[in-house]
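**Q** In case it helps, the working numbering puts the sequence shown at residues 1433 to 1718.
A virtual CB, placed ideally from N, CA and C, is assigned to each residue, including glycine.
Could you have a look at this structure, given as structure tokens, before my questions?
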Amino acid sequence: MNANYKRRDGRQALEMRAKELRVSELTQFDGSGWYSQGKSSALVALHGPTTAKTIEQDYTRCRVRVRVLHAASAPFSGGSERVNQIERGRVRAHQLDANELVGMVERALEAVFIAERFPYTVLGVDVVIMGEDGGLLAVVINAVMCALLSAGLPCRTTMAAVAVAALLTSGEEDKKEKGRDPSSLVSSSLELLLDPTAEEESLRADSGGGSAQEGAPTSSWTCLAHGTFVFTNPKAAGGLIVSHLKRRCTDAAALSPQQLTTMMTLAERGANMLFDFFRQCNVPLE
């Protein structure tokens, strides 16, 4: 793996951003967790389990209902019409984000929360996005885990989520476009970043379609894909339980199975760092 990519925040490729968590601060809820990595942060509040008002098709277990909200942002200058236009675009983007988030959170909860102990009930999970700067799915799932522990709900194990981005230089993309077999790309041509920022997740080499700025040291790089990987506590067998891969560069070849495995291996290392961090914060993981 190359070490040529220079991260704007000064981190090494395999270094995570500063982390912070808080639990049980919202006393009006049954459980709550606030978690942040860098400028990405999420607040999760749990309601229940409470008795279901209607009988669901599967009433032998607790039904989980996830709702995603975004904290209000300060308005931009430029007149009311400009503000309304930006807000409409923000709402559309948030709806897409919410669909991904809800599905990922539900799958993660299904893997760890022992819902069978609460038949005829509903667990409400309110997710509030406080800040967005990359790795949002991972931040939300870590906040959900903190909220579960805050509520004292029974879990099969605990989980930690990590984001990884796969970058490629424009030179390697040119080789692909000239007919080079994508499978001939060795792992050293791919740069993997642990805990990417939003800018790193949306990198596009200077072709008019990316976030790279003219003359910036990152302008020759393109993000092929970024993924979120959720692992269980290694002291309870460990292993991957949920993953979500988002391809960013549609005109490039897909990642090979070997490269995906490398991404997951790196993510697992990051998850172990998170479990150590949770223990240092006196979060009861075992």
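So, helix, strand or coil for residue 1547, using DSSP?
**A** Position 115 of the sequence shown, counted from the first residue, corresponds to residue 1547. Here residue 1547 sits in helix by DSSP.
**Q** Spell out the partners DSSP gives residue 1497 in its beta bridges.
**A** Locating residue 1497 in the sequence shown gives position 65, counting from the first residue. Paired residue(s): 1556.
**Q** Please state the DSSP three-state secondary structure of residue 1468.
**A** Here residue 1468 is taken as the residue at index 36 of the sequence shown, counted from 1. DSSP places residue 1468 in strand when its eight states are reduced to three.
**Q** If you reduce the DSSP assignment to three classes, tell me which class residue 1713 lands in.
**A** Working through the sequence shown from its first residue, we reach residue 1713 at position 281. Residue 1713: coil per DSSP, three-state reduction.
**Q** Quick one, which of 1479, 1655, 1689 and 1588 has its alpha-carbon nearest residue 1546's?
**A** For the purposes of this step, residue 1546 is taken as the residue at position 114 of the sequence shown. Checked all of 1479, 1655, 1689 and 1588; the closest Cα to residue 1546 is 1588.
**Q** Determine the burial state of residue 1531: buried for a count of at least 16 other Cβ atoms within 10 Å of its Cβ, exposed for fewer.
**A** Counting from 1 along the sequence shown, the entry for residue 1531 is found at position 99. With fewer than 16 other Cβ atoms within 10 Å, it is exposed.
**Q** Can you say whether residue 1713 is buried or exposed, counting buried as having 16 or more other CB atoms within 10 angstroms of its CB?
**A** In the sequence shown, counting from the first residue as 1, residue 1713 sits at position 281. Exposed, since its Cβ has fewer than 16 Cβ neighbours within 10 Å.
**Q** Give the C-beta separation of residue 1632 and residue 1535 to the nearest angstrom, bearing in mind that I take them to be a contact with Cβ-Cβ under 8 angstroms.
**A** Numbered from 1 along the sequence shown, position 200 holds the residue referred to as residue 1632. Numbered from 1 along the sequence shown, position 103 holds the residue referred to as residue 1535. That belief does not hold up - the Cβ atoms of residue 1632 and residue 1535 are roughly 23 angstroms apart, past 8 angstroms.
**Q** Tell me which same chain residues have a C-beta within less than 6 angstroms of the C-beta of residue 1446, skipping the five on either side of it?
**A** In the sequence shown, counting from the first residue as 1, residue 1446 sits at position 14. Counting only Cβ-Cβ distances below 6 angstroms, and skipping sequence neighbours, we find 1626.
**Q** Just the Cα atoms here: how many angstroms apart are residue 1509 and residue 1492?
**A** Here the question's residue 1509 lines up with position 77 in the sequence shown. Here the question's residue 1492 lines up with position 60 in the sequence shown. Bear in mind that the predicted position of residue 1509 carries a pLDDT of just 48, short of 50, making it unreliable; the figure below should be weighed with that in mind. Rounded to the nearest angstrom, the two C-alpha atoms are 52 angstroms apart.
**Q** Between residue 1553 and the rest of its own chain, which residues show a CB-CB distance below 7 angstroms, the 5 nearest in sequence each way excluded?
**A** Walking along the sequence shown from the start, residue 1553 turns up at place 121. Hits under 7 angstroms: 1480, 1481, 1482, 1483, 1484 and 1494.
**Q** Check the DSSP bridge columns for residue 1542 and list the partner residues they point to.
**A** Here the question's residue 1542 lines up with position 110 in the sequence shown. In the DSSP output, where bridge partners are listed per residue, residue 1542 has none listed.
**Q** Have a look at residue 1710 and residue 1569 and give me their C-alpha separation to the nearest angstrom.
**A** For the purposes of this step, residue 1710 is taken as the residue at position 278 of the sequence shown. For the purposes of this step, residue 1569 is taken as the residue at position 137 of the sequence shown. Whole-angstrom Cα-Cα distance: 18 angstroms.
**Q** Are at least three pairs of beta-carbons, each pair with one atom in the stretch 1536 to 1543 and one in the stretch 1440 to 1458, less than 8 angstroms apart?
**A** Segments in contact, no.
**Q** Within its chain, find whatever has a CB closer than 8 angstroms to the CB of residue 1544; leave out the 5 residues flanking it on each side and keep chain order.
**A** The residue given as residue 1544 occupies position 112 in the sequence shown. Around residue 1544: 1577, 1580, 1587, 1588, 1589, 1590, 1591, 1664 and 1673.
**Q** Are there 16 or more other CB atoms within 10 angstroms of the CB of residue 1436, so buried, or fewer, so exposed?
**A** In the sequence shown, the residue the question calls residue 1436 occupies position 4. By the 10 Å Cβ count, residue 1436 comes out exposed.
**Q** Taking the alpha-carbon positions, what's the residue 1523 to residue 1476 distance?
**A** Sequence index remark: in the sequence shown, residue 1523 carries index 91 (1-based). Sequence index remark: in the sequence shown, residue 1476 carries index 44 (1-based). Bear in mind that the predicted position of residue 1523 carries a pLDDT of just 48, short of 50, making it unreliable; the figure below should be weighed with that in mind. Rounded to whole angstroms, residue 1523 to residue 1476 spans 20 angstroms at the Cα level.
**Q** Can you have a look at residue 1689 and say buried or exposed, based on whether 16 or more other CB atoms are within 10 angstroms of its CB?
**A** In the sequence shown, residue 1689 corresponds to position 257, counting from 1. Exposed, because fewer than 16 other Cβ atoms sit within 10 Å of the Cβ of residue 1689.
**Q** Candidates 1653, 1441 and 1593: which alpha carbon is nearest residue 1574's?
**A** Position 142 of the sequence shown, counted from the first residue, corresponds to residue 1574. Of the candidates 1653, 1441 and 1593, the one whose C-alpha sits nearest the C-alpha of residue 1574 is 1593.
**Q** Within the same chain, show all residues whose beta-carbon is closer than 6 angstroms to that of residue 1668, passing over the 5 residues directly before and after it, in chain order.
**A** Sequence index remark: in the sequence shown, residue 1668 carries index 236 (1-based). Around residue 1668: 1589.
**Q** Please check the pair residue 1629 and residue 1441, which I expect to be a contact at CB under 8 angstroms, by giving their CB distance rounded to whole angstroms.
**A** In the sequence shown, residue 1629 corresponds to position 197, counting from 1. In the sequence shown, residue 1441 corresponds to position 9, counting from 1. Right, their Cβ atoms sit about 7 angstroms apart.
**Q** Please classify residue 1487 as buried or exposed, where buried requires at least 16 neighbouring CB atoms within 10 angstroms.
**A** In the sequence shown, counting from the first residue as 1, residue 1487 sits at position 55. Label assigned to residue 1487: exposed.
**Q** Would you kindly check if the distance between the Cβ of residue 1699 and the Cβ of residue 1560 is under 8 angstroms?
**A** Sequence index remark: in the sequence shown, residue 1560 carries index 128 (1-based). Sequence index remark: in the sequence shown, residue 1699 carries index 267 (1-based). No, these two residues do not count as a Cβ contact at 8 angstroms.
**Q** Of all the options 1449, 1464 and 1451, which has the alpha carbon lying nearest to the alpha carbon of residue 1583?
**A** Position 151 of the sequence shown, counted from the start, is the residue given in the question as residue 1583. Looking at the Cα atoms, 1464 is the closest of the given residues.
**Q** By alpha-carbon positions, which one of 1636, 1666, 1499 and 1691 ends up nearest to residue 1655?
**A** Position 223 of the sequence shown holds residue 1655. Of the candidates 1636, 1666, 1499 and 1691, the one whose C-alpha sits nearest the C-alpha of residue 1655 is 1636.
**Q** Under 8 angstroms, do residue 1563 and residue 1471 count as touching if we go by C-beta distance?
**A** In the sequence shown, residue 1563 corresponds to position 131, counting from 1. In the sequence shown, residue 1471 corresponds to position 39, counting from 1. Cβ atoms of residue 1563 and residue 1471: closer than 8 angstroms.
**Q** What is the DSSP secondary structure of residue 1461, counted as helix, strand or coil?
**A** Residue mapping note: residue 1461 aligns to position 29 of the sequence shown, counting from 1. Residue 1461 falls in the coil class under three-state DSSP.
**Q** With a cut-off of 8 angstroms on the beta carbons, I'd call residue 1474 and residue 1557 a contact; round off their distance for me.
**A** In the sequence shown, the residue the question calls residue 1474 occupies position 42. In the sequence shown, the residue the question calls residue 1557 occupies position 125. Not a contact, Cβ separation roughly 11 angstroms.
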